[in-house]
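Okay, so here's the structure we're looking at.
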Amino acid sequence: MTRAATLTWFARHELRLAWREWLAMMTGGRRRRTRTAVIGLLLFGAVMHLPAWAVVGRYADLTLPLDKTSLIVVSAAILLSWALMLSQAIESVTRVFYARADLDLIMSSPVRLAEIFSVRIAAIALSVTSMAILLAMPFIDVLMIAGGVRWLAAFVVVAAVGLSAAAIAIAITIVLFRLIGPARTRLVAQILAAVIGAGFVIMLQIAAIVSYGTLSRFAILTSEAAATIAPDPTSLVWWPARAALGDAEALLWLLSASLLLLGLVMAVFSPRFADTAIQAAAQGVSSRAGTKVKAFRGGSRQQALRRKEFVLLRRDPWLISQTLMQLLYLVPPALLLWRSYSDSSAAIVLITPVIVMAAGQLAGGLAWLTISGEDAPELVATAPLPAARVVGAKIEVVLMTISIIFAPLIAALAWLAPWQALVTACGVLIAAVASTAIQLWFRVQGRRSQFRRRQTSSRLATFAEAFSSIGWAATAALLLTIPEAALICGIMTAGLLAATWKLSPQRE
Amino acid sequence: MTSNAAALAVRGLTKCFDRPAVDGLDLAVRRGEFYALVGPNGAGKTTTLRMVAGLLRPDAGAIEIFGIDALRDPIAAKQMMAWVSDEPMIYDKLTPLEYLEFVAGLWGIDPVASGPAAHALLLSLGLERNLHERCEGFSKGMRQKVALAGALVHDPRLIILDEPLTGLDAVSARHVKGLLAERVRAGGTVIMTTHILEVAERMADRIGVIAAGRLVAEGTLTELRQQNGRTDTSLEELFIALVDVEHAA
């Protein structure tokens with residue numbers, strides 16, 4: 051086989067692996083579900099055109115040249131999608147480093163490693179870009195339907211953004227490896243991936259709160275102040291926005307720059323990719339938890355279980371990144387709370403649904419980790435204590451963790467608005483209990499490392515968990531503003547939970 | 111619990127999946143005995159032991175652990191035994207000492223006794239350098255040793271092991287065999303499945319041969335030879351002869 055043929059063959063192999071990983075994620079690893087997953091995705095894509103219409107429909111008539119405010123809004127949207135893609139790409143690169151089990155095979159084969167790993171880097175970029183195009187499709191479709199085929203250029207912009215995000219992600223991850231070592235890189239990369247995606251939106255919210263006392267991200271983007279400090283419309287900064295609107299020259303430059311960046315990353319980092327991957331594979335040996343011999347602690351069997359769960363949660367990189375992200379999401383409402391303290395604004399009510407929603411979502415993840423993500427199920431099953439007490443101890447851990455995270459915020463709220471604090475506390479408790487219950491009803495034993503795929507084991511549970519959190523968040527918000535509507539919303543959410551229980555496998 | 115009851119008494123044990131995996135099995139293991147359960151793949155060895163350990167509910171039959179009805183009072187039965195599977199299941203983010211502390215806590219063992227015992231166990235298994243390392247970087251053999259230490263830390267009267275030597279190097283295997291033999295000498299009972307017939311031949315007081323979910327032969331090596339009319343043959347040859355006969359039937 052010639053070198054070119056080998057590389058082509060390896061590229062096909064990489065794409066097949068990426069496709070199968072994606073398919074397994076969509077179908078929960080069950081091949082028989084492929085057709086259902088494809089139909090579900092097509093339906094989801096079709097339905098997504100409706101919210102896409104609501105979000106971008108009004109921008110379809112935009113034509114060049116744009117005023118500064120429009121340029122800021124379009125550029126912010128592109129920057130946001132770039133941040134999200136960067137987050138996704140960091141996650142993909144980390145997964146390739148730590149999870150692929152073919153390194154020995156590749157490195158013992160008679161191929162040039164730098165070339166092979168260049169292909170692997172290109173495959174990562176391609177998979178990130180494909181995913182981005184897929185997600186952007188409903189929005190660009192809407193723009194094309196309402197504004198004409200010139201919006202096709204937006205697809206090329208998404209591709210360019212995806213390629214540059216993948217290139218930066220690879221560079222960041224490999225540099226992290228060199229600077230802090232493989233063990234810490236895994237954790238830091240997961241935190242970065244979680245935080246980068248949300249960070250941009252949150253920064254906009256913080257700016258809006260500080261300037262205008264509102265949670266609206268658009269307030270800052272469409273403000274006079276932003277337009278004043280923004281560069282001139284002819285500036286290079288606006289080229290991505292102009293490219294999205296069909297400016298051929300800007301489009302060509304943007305795509306060329308992205309490809310050049312990816313090529314540079316491939317040339318610089320592909321020879322080091324192998325070393326990095328080997329270090330990642332060997333990671334773990336040096337992860338020490340301290341060398342002091344501590345006396346064993348006593349207590350009941352449930353205490354032993356709770357202690358173990360707390361230690362595992364504390365050491366779980368996913369949980370740390372997710373908690374940080376949730377806390378990051380709570381920064382804007384906390385800031386709003388602080389501002390409200392000085393000017394008693396009515397916007398403070400907005401804090402309650404944000405907190406309740408965050409608690410519900412976090413409780414769902416925690417409940418999966420503690421209840422389903424048991425790495426030694428046989429040990430626990432052969433221990434001399436009833437299964438109900440095992441589950442009870444795990445639920446206690448979920449609720450205690452939620453309390454620890456949200457109590458300070460509710461305490462601060464109580465200082466300012468005691469009634470709202472009481473409603474928020476009840477909302478947090480109910481949302482957390484509901485999410486935990488859903489995880490219990492749809493419990494499927496898995497390893498903690500499979501957490502990423504937890505949402506694919508039951509779509510019903512995933513949607514039920516999301517709608518339950520939204521429902522309780524809305525109920526809490528309505529209780530503070532329109533109590534009669536809160537009753538209806540609460541009954542509807544409880545009904546949703548009852549229906550979920552009726553459909554759950556644990557009931558059978 | 112009767113004072114002279116067998117360590118394990120199984121009567122008419124039955125479990126069907128698509129087909130019968132265990133088919134009316136009767137088995138008795140004496141106190142202080144090292145019992146090896148051997149049989150071809152899919153014979154029902156693991157299913158039998160998983161039912162004994164309380165991991166699977168039998169379709170029919172009775173299980174007694176030291177005279178305690180394990181199906182009626184599983185908690186009391188579990189208090190006296192330990193289970194080690196062929197695929198060691200431990201927590202990646204815990205160190206061996208933390209894992210053993212957790213297991214001792216689950217069995218309600220006094221920490222004053224379990225702490226030093228855990229330390230000694232890990233040392234005897236050659237894990238002195240790894241006491242404070244998280245298990246995520248451990249090889250299969252090291253994980254198996256941690257799992258075994260976890261099974262022994264609460265000083266069970268009955269230890270059930272499913273292929274405990276799979277994946278262990280010669281030195282590790284010797285450590286494990288030494289520990290198990292020591293437990294038996296101290297009055298404990300060990301039941302083990304294995305594909306390594308040499309180990310069964312050398313270590314077990316009695317050997318049970320299981321095929322198609324039924325016990326087809328049982329006894330000491332001498333008794334097995336006598337039952338088959340072969341006075342000077344290895345367990346491997348006996349095993350093949352027994353399993354072939356069962357397969358032909």
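One line per chain: the protein sequences are A and B, in this order.
Using the working numbering, the letters of the first sequence correspond one by one to residues 51 to 558.
Using the working numbering, the letters of the second sequence correspond one by one to residues 111 to 359.
C-beta atoms are modelled at their ideal positions from N, C-alpha and C, and glycine is treated no differently.
These numbers were taken from a predicted model, which means no experiment stands behind them.
Could you tell me the alpha carbon to alpha carbon distance between residue i and residue j, rounded to whole angstroms?
| i | j | result |
| --- | --- | --- |
| R108/A | C539/A | 31 Å |
| G260/B | R509/A | 37 Å |
| Y201/B | L237/A | 18 Å |
| K125/B | E64/A | 44 Å |
| W418/A | I220/A | 30 Å |
| L226/A | L137/B | 59 Å |
| V573/A | G212/A | In the structure as shown, chain A begins at 51 and stops at 558. Residue 573/A is therefore absent and cannot be evaluated. |
| N338/B | E346/B | 13 Å |
| I279/A | A127/A | 18 Å |
| S234/B | P555/A | 45 Å |
| G334/A | F248/B | Low per-residue confidence applies at G334/A: pLDDT is 47, beneath 50, and the placement is therefore not dependable, though the value from the model is reported in the following sentence. Roughly 8 Å separates the two Cα atoms. |
| L268/B | L289/B | 14 Å |
| T402/A | R293/B | 60 Å |
| Q189/B | L429/A | 12 Å |
| A210/A | I174/A | 14 Å |
| A317/A | A87/A | 38 Å |
| L242/A | V483/A | 29 Å |
| I185/B | W469/A | 47 Å |
| T205/B | L305/A | 49 Å |
| T474/A | L165/B | 42 Å |
Measuring alpha carbon to alpha carbon, tell me which residue in the options is nearest residue i.
| i | options | result |
| --- | --- | --- |
| S285/A | L116/A, P458/A, A457/A, A54/A | L116/A |
| L112/A | S137/A, L362/A, A293/A | A293/A |
| P458/A | T432/A, L380/A, I520/A, T86/A | L380/A |
| G249/A | R357/A, L378/A, F189/A | L378/A |
| W551/A | A426/A, A511/A, R200/A, I541/A | A511/A |
| T486/A | V440/A, G95/A, Q411/A | Q411/A |
| L100/A | I195/A, V123/A, L130/A, T84/A | I195/A |
| R170/A | A74/A, F319/A, W132/A | F319/A |
| L187/B | S195/B, E174/B, M199/B | Reading off the sequence, residue 187/B comes out as Ala, not Leu. Selected option, being the one with the closest Cα: E174/B. |
| A68/A | G423/A, M187/A, L176/A | L176/A |
| A409/A | P427/A, L374/A, I421/A, R162/A | L374/A |
| D315/B | E328/B, A280/B, F144/B | F144/B |
By a C-beta neighbour count over all protein chains shown, 10 Å radius and 16 as the cutoff for buried, is residue i buried or exposed?
| i | result |
| --- | --- |
| T531/A | exposed |
| R498/A | buried |
| W522/A | buried |
| G122/B | exposed |
| G198/A | exposed |
| V222/B | exposed |
| P533/A | exposed |
| N151/B | exposed |
| Q489/A | buried |
| V545/A | This sequence places Gly at residue 545/A; Val is not what is there. Classification for G545/A: exposed. |
| W132/A | buried |
According to DSSP, is residue i part of a helix, a strand, or is it coil?
| i | result |
| --- | --- |
| V300/B | strand |
| T373/A | helix |
| K125/B | strand |
| R562/A | Nothing can be reported for residue 562/A: it is not among the residues displayed for chain A, which extend from 51 to 558. |
| E534/A | helix |
| W193/B | strand |
| R324/B | strand |
| G260/B | helix |
| G90/A | helix |
| V161/A | coil |
| I455/A | helix |
| T205/B | coil |
| Q495/A | coil |
Taking DSSP's pairing of strands, which residues face residue i in a bridge?
| i | result |
| --- | --- |
| F144/B | V300/B |
| D69/B | In the structure as shown, chain B starts at 111 and stops at 359, and residue 69/B therefore has no counterpart that could be examined. |
| D191/A | Paired residues: none, contrary to the question. |
| S551/A | It is Trp, not Ser, that sits at residue 551/A in the sequence shown. According to DSSP, which records beta bridges pairwise, W551/A is partnered with nothing at all. |
| A138/B | A119/B |
| W132/A | W132/A is not bridged to any residue. |
| D179/B | E174/B |
| R316/B | Y145/B |
| G329/B | I317/B |
| L271/B | V194/B, M302/B |
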